[in-house]
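Residue numbers (the numbering used here): 81 to 503.
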Amino acid sequence: MLLVNQIRENFDAVLAGLQKRNFPDATAVLEQVIALDDQRKSSQTQRDQLQAESNSISKQIGVLMKNGQREEAEKVKSRTAELKTEIKALEDSTTQAEEDLKALLYTIPNIPHLSVPAGKSADDNEVVLENGVIPTLHEDKLPHWELIKKYDIIDFDLGVKITGAGFPVYKGKGARLQRALINFFLDEALKEGFVEVQPPILVNEDSGYGTGQLPDKEGQMYHATADNLYLIPTAEVPITNLYRDVILSEEELPVKNVGYTPCFRREAGSWGAHVRGLNRLHQFDKVEIVQITHPDKSYEALEEMSSYVQGLLQKLELPYRVLRLCGGDMGFTSALTYDMEVYSAAQERWLEVSSVSNFETYQSNRLKLRFRGEDRKTQLAHSLNGSALALPRIVAAILENNQDADGIRMPEVLHSYLGFDRI
RNA sequence: AGAGGAGUGGCAGAGUGGUCGAUUGCGGCGGUCUUGAAAACCGUUGUACCGCGAGGUACCGGGGGUUCGAAUCCCUCCUCCUCUGCCA
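Right, here's the structure in full:
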């Protein structure tokens with residue numbers, strides 16, 4: 081969430097940022113934040129004063145009791161009753177103001193970076209670059225949902241039987257392709273200096289709030305109600321939360337982690353014509369990279385992560401483009417997001433396979449993720465993450481783009497991981 | 001899952017109702033000494049909120065309660081350890 085001081089000190093800039101996101105009633109909301117914060121401060125200050133008085137009376141009583149002056153002590157005591165009720169009332173209003181403030185801040189998205197283009201929807205995203213050659217396929221080209229049947233490598237009907245729609249079963253070379261991609265992605269990240277972690281894939285409520293999935297995206301996560309745990313929609317949640325309530329030393333920055341996890345998304349209401357096959361699933365595999373950096377270095381890190389992901393796509397020989405998301409299409413918690421899309425040559429459309437974002441202090445403020453600077457003072461770190469990469473659409477593009485009359489060619493880099501070179 | 005025990009500052013470990021944000025040791029930082037280092041000695045060393053500042057307030061696993069006053073007593077939840085049971 082945003083910092084109140086950030087809003088106070090840069091009111092106009094924050095306002096402009098929210099407007100770029102088409103955030104409604106921005107002025108009124110920001111003014112209310114300040115009003116609630118003022119309210120919080122004033123009732124807390126009053127409370128603290130009364131508490132100080134009460135504390136000093138208690139000390140007096142302590143001294144009197146020690147000296148055996150019981151009657152004196154009783155006299156002093158009589159003053160405390162009203163203090164007590166006043167303190168309680170002020171405490172309640174402080175808590176109330178705090179909660180209201182927090183609830184309101186949770187509804188305010190991050191402020192976009194200056195380079196983020198204005199815009200309302202995906203149509204307004206800026207294409208930063210395109211790379212690679214879009215293959216020309218033969219007449220009988222098939223979309224991946226046909227190819228997987230033809231070669232019997234992914235079975236949606238079996239998934240329906242044992243779980244439901246959107247939970248495919250990978251079989252034979254299909255399963256091995258999954259495993260190869262995961263290993264390839266992890267190994268590449270290790271070479272890049274990322275430290276591998278294997279986090280839990282169920283997380284508690286605090287973690288959900290920490291990275292911003294809660295409260296605004298509650299419906300997107302599967303919820304194990306008996307234990308009040310959530311199935312992760314992305315490894316970002318457990319990995320970034322590793323650093324919740326942590327004060328790092330400046331030398332530890334940047335923190336670079338990579339993790340493979342399955343991801344679970346309910347995707348309620350989003351099924352339609354464009355989501356056939358592997359395009360959108362309830363369960364999928366993803367390798368995620370996370371960085372925690374010094375505030376001065378986060379945009380450098382973002383560019384580095386963007387080129388790293390592009391490198392993966394180049395190695396997989398996939399044509400791709402990079403988009404700078406516009407204010408209207410960017411995720412709630414992000415300040416700047418690059419989306420990487422690969423071209424799926426049978427569907428003849430671009431598929432998003434990675435999203436690389438800088439959250440600046442938006443997450444670290446919720447997470448209380450700080451570092452100690454040279455002046456020994458703590459300050460919020462910046463957090464970033466990106467998919468490197470999400471598997472299903474990569475698989476879809478590999479299958480479609482490399483098909484020929486006799487089968488499907490596998491990208492060179494995967495051969496040693498796969499143990500075969502064609503499907 | 002059942003029985004018992006325990007959760008205190010970076011770590012170790014005191015403190016069982018009163019001036020305790022908390023003895024002490026280790027570690028960290030600064031200094032004296034030294035050609036340099038070690039040792040020794042001296043000092044310093046949590047986080048957050050409010051305040052220009054002086055200073056005030058909160059925090060001893062989380063939450064609630066008793067009391068003028070809680071690290072200390074009570075309730076509850078969580079976590080860890082030991083024993084028993086079950087199990088990949």
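We put the CB at the ideal spot given by N, CA and C, even for glycine.
Asked: Limits of the alpha helix (DSSP H) - the one that Val-240 falls within; Found: 236-242
Asked: Beta strand (DSSP E) runs contained entirely in the stretch 335-405, provided each spans 3 or more residues; Found: 335-344, 363-373 and 400-404
Asked: Candidates Tyr-250, Val-275, Gln-129 and Pro-215: closest to Asp-235 by CA position; Found: Tyr-250
Asked: Alpha-carbon to alpha-carbon, Gln-140 and Lys-377; Found: 54 Å
Asked: Minimum C-alpha distance to Phe-247 - residue among Lys-229, Phe-344 and Ser-496; Found: Phe-344
Asked: Buried or exposed (CB count within 10 angstroms, at least 16 for buried), Pro-399; Found: buried
Asked: Distance, Leu-227 Cα to Ser-437 Cα; Found: 33 Å
Asked: Assigned secondary structure, Ile-137 (DSSP; H/G/I helix, E/B strand, else coil); Found: helix
Asked: For Arg-452, the first and last residue of its enclosing beta strand (DSSP E); Found: 450-452
Asked: The stretch 319-332 touching the stretch 270-286, judged by at least three CB pairs closer than 8 Å; Found: yes
Asked: Cβ-based burial, Ala-461 [other Cβ within 10 Å; buried from 16]; Found: buried
Asked: Buried versus exposed, by CB contacts within 10 Å (16 or more), Arg-429; Found: exposed
Asked: Residues sharing a beta bridge with Asn-438, DSSP; Found: Leu-416 and Leu-464
Asked: Bounding residues of the alpha helix (DSSP H) (the contiguous stretch that carries Tyr-310); Found: Premise fails: Tyr-310 lies in the beta strand (DSSP E), 309-311, not in any alpha helix (DSSP H).
Asked: Terminal residues of the alpha helix (DSSP H) in which Glu-428 lies; Found: That residue, Glu-428, is in no alpha helix (DSSP H); it is neither H nor E in DSSP.
Asked: Proximal residues to Arg-502 (C-beta, below 7 Å), its chain only, five neighbours per side dropped; Found: Gly-487, Ile-488, Arg-489 and Met-490
Asked: Limits of the alpha helix (DSSP H) - the one that Glu-151 falls within; Found: 150-157
Asked: Assigned exposure category for Glu-421 - 16 Cβ within 10 Å defines buried; Found: buried
Asked: For Thr-125, the residue or residues it bridges with in DSSP; Found: In DSSP, Thr-125 forms no bridge with anything.
Asked: Alpha-carbon to alpha-carbon, Leu-403 and Phe-264; Found: 24 Å
Asked: Per DSSP, cross-strand counterpart(s) of His-62; Found: This structure cannot speak to residue 62, because the chain is shown only from 81 to 503.
Asked: Buried versus exposed call for Thr-175 [16 or more other C-beta atoms within 10 Å across all chains shown]; Found: exposed
Asked: Start-to-end residues for the alpha helix (DSSP H) that takes in Ser-173; Found: 160-186
Asked: 7 Å CB neighbourhood of Lys-200 in its chain, flanking five on each side removed; Found: Asn-102 and Gly-408
Asked: Ile-319 to Glu-383 span [Cα, whole Å]; Found: 21 Å
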